[in-house]
Amino acid sequence: MAGDLILLAAVSLLSAFQQCHFAWLVGKSRMKHKVMPPAVTGAPEFDRTFRAQQNCVEFYPIFLIGLWTAGWFFNQELSSFLGVLYMLARYQYFHGYVQSVKGRVAGFYLNLIILICLMILGASGIVNSFLDEYLDFSIMKKLRK
């Protein structure tokens, strides 16, 4: 059973490491700009770094739910691939935002597109599972014929 979910688990673990890395970068920025907790404002570069990390935290539960739902009910490989793309887009977003407010835009929109794809795949998989379980009709089986 655990082997069936290895890609989703690997992407989840890598994304958790990425979240830790972003938090560490906020800590580094705090030291650089002498912004001690509990303060959350300071130099503009610190503010952007802090805000970028907070946005990543805000979207993280949505990402994990989308990743696992799409992977479990639709396709683990495709969902995991989208998960890796999401992490790359998050990297682009974070580092773009640290540089400038406008620098975040491309990564942010790419993240939204990937999240929408994961949600659509997850919803499609759930609908297909429901139809298969309760109405004995599987869209996926029909498409494979």
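Numbering (mature numbering (1 follows the signal peptide of the UniProt record, and there is no 0)) for the sequence shown: -16 to -1, 1 to 129.
Each residue gets a CB set at the ideal place from its N, CA and C atoms; glycine is no exception.
Own chain partners of residue i with C-beta closer than 6 Å, once the 5 adjacent residues on each side are dropped
{"i": "Phe92", "result": "Tyr77"}
{"i": "Ser113", "result": "Phe57"}
{"i": "Met71", "result": "Ser(-2) and Gln2"}
{"i": "Leu(-10)", "result": "Gln60 and Ser64"}
Residue range of the unbroken alpha helix (DSSP H) whose run includes residue i
{"i": "Lys16", "result": "Ile(-11) to His17"}
{"i": "Asn112", "result": "Val89 to Leu119"}
{"i": "Ser63", "result": "Gln60 to Gln83"}
{"i": "Met124", "result": "Ile123 to Arg128"}
Own chain, CB closer than 7 Å to residue i, minus 5 neighbours either side, in chain order
{"i": "Val(-6)", "result": "Leu51, Ser64, Gly67 and Val68"}
{"i": "Leu115", "result": "Phe121, Ser122 and Ile123"}
{"i": "Cys101", "result": "Leu66"}
For residue i, the three-state DSSP class (helix, strand or coil)
{"i": "Pro28", "result": "helix"}
{"i": "Ala54", "result": "helix"}
{"i": "Pro45", "result": "helix"}
{"i": "Ala23", "result": "coil"}
Spatially closest choice to residue i from the options, by CA coordinates
{"i": "Ala54", "options": "Gly87, Glu29 and Leu99", "result": "Leu99"}
{"i": "Val82", "options": "Thr33, Leu(-12) and Phe1", "result": "Thr33"}
{"i": "Gln38", "options": "Ile97, Tyr118, Lys129 and His5", "result": "His5"}
{"i": "Leu105", "options": "Leu94, Ser84 and Asn59", "result": "Asn59"}
{"i": "His79", "options": "Cys40, Leu96 and Ala107", "result": "Cys40"}
{"i": "Pro45", "options": "Gly109, Val111, Met103 and Lys125", "result": "Met103"}
{"i": "Ala27", "options": "Pro21, Arg35, Ala36 and His17", "result": "His17"}
{"i": "Gly109", "options": "Lys125, Ile97, Leu96 and Asn95", "result": "Lys125"}
{"i": "Arg74", "options": "Phe43, Met20 and Asp31", "result": "Phe43"}
{"i": "Lys86", "options": "Arg128, Lys12 and Ala36", "result": "Ala36"}
Own chain partners of residue i with C-beta closer than 8 Å, once the 5 adjacent residues on each side are dropped
{"i": "Val48", "result": "Looking at the sequence provided, one finds Leu at residue 48 rather than Val. Closer than 8 Å at the Cβ level, and outside the excluded window around Leu48, lie Ser(-5) and Ser(-2)."}
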